[in-house]
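Below is one structure; the comments refer to it alone.
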Amino acid sequence: MIKFLKQFIAPQKQDDIIKNIPPELRFYKHEEKVFEDTFKNYSCVFGLPVKYDFRIIDKIPLGTKALYFYLGNDIENLLENVLETGIFETLEHLSIGYTRVNKIDFNSYNYSGVCKVLSKYNFPKLKSFEFGEDFLLANEHCRYGNLGNITKVLKNMPVLESLYLYGNFAIDEPLCFKKLERIEVLMNDWATNLNGGKISDSTICSLLSSEFNVLQLMDLDLNFNDEVYNYYLPSLFLTGKNTPRLKQFLGLSGKFISGTSIALRQSQMKWFKLLFY
């Protein structure tokens, strides 16, 4: 009994907040399960139905390395309470998003409050970050929201290897991604069109002017239901100097200024696909 209790060190307040989530929507995956590879080992999952014989939890177990939140944007208190346990210091994976199971009204959806909570913490061991995902349990169109300004959030993740962003977001300045190997952006779903607008030109310029020391895959889907926008690629990106190892794949989808295709073919980029609309 004592050994079991020592698995949990979180305060009572966290206990109360987690218990507000229905028991069938909070569980812990300890190790590999046959036919289950959706979640990493030693992960807590909130917002999805319990699978297989995963343990329902009231607190965050010691040794947790991954957190999955699929409760939409109304998780500021829960998220901050969980992070206050100190788990941010050892966390290796973080997913924050939504699933239709929870029947949340998406019309006023905005993750900017969640973004502000994340910006308070450093994640020195975080390797993968997924933000804004619509976790589908059936074949449906996705609902992406507004992620807010993620500049400081990304600065606080120095060893990030994989980054997945779903929705509209802002970045104020070029960043340095020393370990990032993969980045994927899905700005919008044309059938739902709920993300609050297109990503700004300045954000795309800041992102593509960032330093990607070891990036191997970049896939940016910037399609939006608007005929009045055209993105452009910064000159630094076209030289390839800030993406020296981008040799696996570059995908760009959306509307770009005239001549973008020619500029890419004349650039140092050797592995890319273009989808213009």
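First residue of the sequence shown? That's 2 in our numbering, and the numbers climb one at a time after it. The beta-carbon is built from N, C-alpha and C at its ideal position, and this holds for glycine as well.
message: Going by DSSP, what residue range makes up the alpha helix (DSSP H) through C143?
response: Per DSSP, C143 belongs to no alpha helix (DSSP H) and is neither H nor E.
query: L195 and L166: beta carbons closer than 9 Å?
result: no
Alpha-carbon to alpha-carbon, D202 and N169: 12 Å
- prompt: So E93 and K66 are in contact, right, with Cβ under 8 Å, and what is the actual spacing, rounded?
  reply: 5 Å
query: Where does D220 sit, in a helix, a strand or coil, going by DSSP?
result: strand
query: Secondary structure at N82, three-state DSSP: helix, strand or coil?
result: helix
message: In this structure, how does DSSP classify P24 when only helix, strand and coil are distinguished?
response: helix
message: Quick check: what's the CA-CA separation for T240 versus L80?
response: 40 Å
- request: Using 10 angstroms around the beta-carbon of E182, count the other beta-carbons present and answer buried if the total reaches 16, otherwise exposed.
  value: buried
- request: Check whether the Cβ atoms of K128 and S163 sit closer than 9 Å, and answer yes or no.
  value: yes
task: Would you mind giving the Cβ-Cβ distance between Y69 and F40, rounded to the nearest angstrom? I have them listed as a contact below 8 Å.
output: 6 Å
task: Could you tell me if D227 is buried or exposed, where buried requires 16 or more neighbouring beta carbons within 10 angstroms of its beta carbon?
output: exposed
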